[in-house]
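Peer 1: Quick one: the structure is below, and I'll ask about it shortly.
In the numbering used here, the protein residues as written are 2 to 240.
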C-alpha cells in the first residue's frame, strides 16, 4: 500500500514540525520545505520519530524564489508521489513599522507568503483534483493564518498585509477547488504560539489541521479560529 503524502512548506520547530509529525503518525509520508538546510535535518529527526513505515524527506529551498520552489515541488512529486495534503506555513514574523520598512522588505514578504502560496497552489491543483477520484482520499490545501487579516497591528504591518492577501487568495482558491472536491482551509491563530499555552500550542494547532483533513465535504470548515486576536492586540498595546 502506497502512503499518502503531505507537503509542509515552511517547516520549523513549531507548527510545521508538529503538523508533519502528526500526519506521519497517521501513516503519511512527509516532505519538509524550508530555506534553513541545517534546521531541516533536525526537523527530519523529530518527524521520523512520530511515524513508522513512513518516509520523511527534507527539501531546502527559498520559498520566495518561485522558480526554485516549483522545481522543488516537482522533485517531491517524483520522489514521493502526488500530494494528498499541501500545508503552507511559510511566514516572516518580525516587527515592521510604517515609514521605516523598505519597499524591498515588503516585496520579499509578498514573494514568500503570497507568490509562494500561489505557486504551491497552482502546482497542487491538478494533483489534488485528481485525488478526488479515489474513494479514501481527502485532498486538502491548508495554510496557517492569523487574525491579522481582520485586525492589523501597525508594528507588524507587513505581516498584517501579507495575511490579508493570503486570506483573499485562499478564498479565491476555495471558490475554485471546493466544487471540485478539494478542501481549502486555514487555522486562524489569534496570538503567540507557545508550548505553555493550553490552546495556542503547536500540538493543538496541528490537531486542528488533522480534524480539518478528516472532515467530509458536508462538514467542511474554511476557517478555524483559535485564541482571541482582539484580546492579544489589547495586551500588546498595554490596554
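Just so it is clear, CB atoms sit at the ideal spot from N, CA and C, and this is done for glycine as well.
Is there contact between the region 112-130 and the region 180-187, where contact requires at least three CB pairs shorter than 8 Å?
Peer 2: yes
Peer 1: If you reduce the DSSP assignment to three classes, tell me which class residue 58 lands in.
Peer 2: Residue numbering aside, residue 58 sits at position 57 when the chain shown is read from its first letter. Residue 58 falls in the strand class under three-state DSSP.
Peer 1: At the 7 Å Cβ level, is residue 215 part of the contact set with chain C, yes or no?
Peer 2: Here chain C cannot be found, since the structure has a single protein chain.
Peer 1: Return the CA-CA distance between residue 172 and residue 63, expressed in angstroms with no decimal places.
Peer 2: Start at 1 with the first residue of the chain shown, and residue 172 comes out as number 171. Start at 1 with the first residue of the chain shown, and residue 63 comes out as number 62. C-alpha separation (whole angstroms): 25 Å.
Peer 1: If I'm right that residue 213 touches residue 141 with Cβ under 8 Å, what's the distance once you round it to whole angstroms?
Peer 2: Taking the chain shown and counting its residues from 1, one reaches residue 213 at position 212. Taking the chain shown and counting its residues from 1, one reaches residue 141 at position 140. Confirmed, about 7 Å.
Peer 1: Tell me the DSSP secondary structure of residue 48 in three-state form.
Peer 2: Stepping through the chain shown from its first residue, residue 48 is reached at position 47. If DSSP states are grouped into helix, strand and coil, residue 48 belongs with the helices.
Peer 1: On a CA-only basis, which of 3, 78, 99 and 218 is nearest residue 55? Give me that one, please.
Peer 2: One-based indexing of the chain shown puts residue 55 at position 54. Among 3, 78, 99 and 218, the Cα nearest to that of residue 55 belongs to 3.
Peer 1: Please state the DSSP three-state secondary structure of residue 139.
Peer 2: For the purposes of this step, residue 139 is taken as residue 138 along the chain shown, with counting starting at 1. Coil.
Peer 1: Comparing C-alpha positions only, which one of 24, 65, 133 and 36 sits nearest to residue 57?
Peer 2: Working through the chain shown from its first residue, we reach residue 57 at position 56. The candidate whose alpha carbon is nearest that of residue 57 is 24.
Peer 1: Tell me, to the nearest whole angstrom, how far the beta carbon of residue 106 is from that of residue 161; I am working on the premise that it is less than 8 Å.
Peer 2: Indexing the chain shown from 1 puts residue 106 at position 105. Indexing the chain shown from 1 puts residue 161 at position 160. Not a contact, Cβ separation roughly 14 Å.
Peer 1: Compare the C-alpha of residue 89 against each of 104, 5, 114 and 66 and name the closest.
Peer 2: Counting from 1 along the chain shown, the entry for residue 89 is found at position 88. Nearest C-alpha to residue 89: 114.
Peer 1: With a threshold of 16 other CB atoms inside 10 Å of the CB of residue 72, please say whether the residue is buried or exposed.
Peer 2: In the chain shown, the residue the question calls residue 72 occupies position 71. By the 10 Å Cβ count, residue 72 comes out exposed.
Peer 1: Give the list of continuous beta strand (DSSP E) stretches no shorter than 3 residues that lie fully inside the region 85-130.
Peer 2: Counting only unbroken stretches of 3 or more residues, the beta strand (DSSP E) elements lying wholly within the region 85-130 are 86-89, in sequence order.
Peer 1: In terms of alpha-carbon separation, which member of 135, 157 and 215 lies closest to residue 192?
Peer 2: If you number the chain shown from 1, residue 192 lands on position 191. Comparing Cα positions, the closest option is 157.
Peer 1: Would you say residue 210 and residue 143 are within 7 Å of each other, going by their C-beta atoms?
Peer 2: For the purposes of this step, residue 210 is taken as the residue at position 209 of the chain shown. For the purposes of this step, residue 143 is taken as the residue at position 142 of the chain shown. Cβ atoms of residue 210 and residue 143: closer than 7 Å.
Peer 1: Between residue 202 and the rest of its own chain, which residues show a CB-CB distance below 8 Å, the 5 nearest in sequence each way excluded?
Peer 2: As a working mapping, residue 202 is identified with position 201 in the chain shown. The answer, listed in chain order, is 194, 195 and 196.
Peer 1: If you run the structure through DSSP and keep just helix, strand and coil, what is residue 191?
Peer 2: Position 190 of the chain shown holds residue 191. Three-state DSSP puts residue 191 in a strand.
Peer 1: On the premise that residue 231 lies in contact with residue 119, defined as a C-beta separation below 8 Å, what is that separation, rounded to the nearest angstrom?
Peer 2: Here the question's residue 119 lines up with position 118 in the chain shown. Here the question's residue 231 lines up with position 230 in the chain shown. For residue 119 against residue 231, the beta-carbon gap comes to about 29 Å, at or over 8 Å, which does not count as contact.
Peer 1: For residue 32 versus residue 48, is the C-beta spacing smaller than 7 Å?
Peer 2: Looking up residue 32 in the chain shown gives position 31. Looking up residue 48 in the chain shown gives position 47. Contact flag unset, no.
Peer 1: The beta strand (DSSP E) spanning residue 227 covers which residue range?
Peer 2: The residue given as residue 227 occupies position 226 in the chain shown. Where residue 227 is concerned, the enclosing beta strand (DSSP E) stretches over 224-228.
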